[in-house]
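S.K.:
Residue numbers (this note's numbering): 889 to 1002.
#1: Helix, strand or coil: how does DSSP classify residue 996 here?
#2: Check residue 956 in the structure and name its three-state DSSP category.
#3: What residues in its chain sit with their C-beta under 7 Å from that of residue 955, if we drop five residues either side in the sequence?
#4: Could you say which of 982, 963, 943 lies nearest to residue 972 if we only look at CA atoms?
#5: Can you tell me where the beta strand (DSSP E) with residue 928 in it begins and where it stops?
#6: Span of the beta strand (DSSP E) holding residue 975?
#7: My understanding is that residue 953 touches residue 947, with C-beta atoms under 8 Å, so please give their C-beta distance in whole angstroms.
Right, here's the structure in full:
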């Protein structure tokens, strides 16, 4: 039996790792659940982050969306990036008609369920 060595072995290893990474990246992430304010008790979750209301930047810029559904989806994507699996205390505002109109804007608590 002949073993592959040298550059051919390295190329084969890189190809296997690349295909494994592509297969793992193709799996869709679990959707972020949105809970109403009184739906969960405080002992059932841990706050990961206050999405889009936790920095001084929100006083000057907020991410606006064309409708409320898109704003909630953007909030969920940001919560998932923070490592959360759900959102609670979601508040959505319509900023149409303001000077620097941004459209719909939602903020809330990104949480990790226990």
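By construction, the Cβ of each residue, glycine as well, lies at the ideal position given by its N, Cα and C atoms.
M.R.: Concretely, from the data shown:
#1: Your numbering for residue 996 matches position 108 in the chain shown. Reduced to three states, the DSSP call for residue 996 is strand.
#2: If you number the chain shown from 1, residue 956 lands on position 68. DSSP places residue 956 in helix when its eight states are reduced to three.
#3: Looking up residue 955 in the chain shown gives position 67. Here the set comprises 992.
#4: Mapped onto the chain shown, residue 972 falls at position 84. Of the listed residues, the one whose Cα sits closest to residue 972 is 963.
#5: Along the chain shown, read from residue 1 onward, the residue named residue 928 stands at position 40. Unbroken run through residue 928: none, as it is neither H nor E.
#6: Stepping through the chain shown from its first residue, residue 975 is reached at position 87. Segment 974-982, the beta strand (DSSP E) holding residue 975.
#7: Here the question's residue 953 lines up with position 65 in the chain shown. Here the question's residue 947 lines up with position 59 in the chain shown. The pair is not a contact, with the Cβ atoms about 19 Å apart (cut-off 8 Å).
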